[in-house]
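Structure first, then comments.
Numbering (our numbering), first residue to last: 169 to 261.
Written as structure tokens, this is what we have:
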């Protein structure tokens, strides 16, 4: 599999819920497969021209990503999670 073929960009464009979870999942998987690194991200950001109102500059991309991360952390912290172990333990009591 070629690295550039791994992430399907249409997945993000066609996401009607605007969910951040899909992007986070891809980041986690690509990181686990060592497909991204700090150096590759920095090289990508440095390769971007100045923003022109249509396309983002590297600094703008970084700022958007930071804001998305903060939003995602906030959303995850507001979710109520169910302990799977707790449910299984309660069934077997």
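Ideal Cβ positions, reconstructed from N, Cα and C, are used throughout, including at glycine.
In the DSSP assignment, residue 213 falls within the alpha helix (DSSP H) that extends over 206-215.
Taken through DSSP and simplified to helix, strand or coil, residue 243 comes out as helix.
Around residue 224, the same chain offers no residue with a beta carbon nearer than 6 Å, after the five sequence neighbours per side are excluded.
In the three-state reduction of the DSSP assignment, residue 234 falls in the helix class.
Judged by their CB atoms, residue 228 and residue 219 are nearer to each other than the 9 Å cut-off. Assigned with DSSP and collapsed to three states, residue 227 falls in helix. Bounds of the alpha helix (DSSP H) holding residue 255 are 252-259. It is roughly 54 Å from the alpha-carbon of residue 213 to the alpha-carbon of residue 261.
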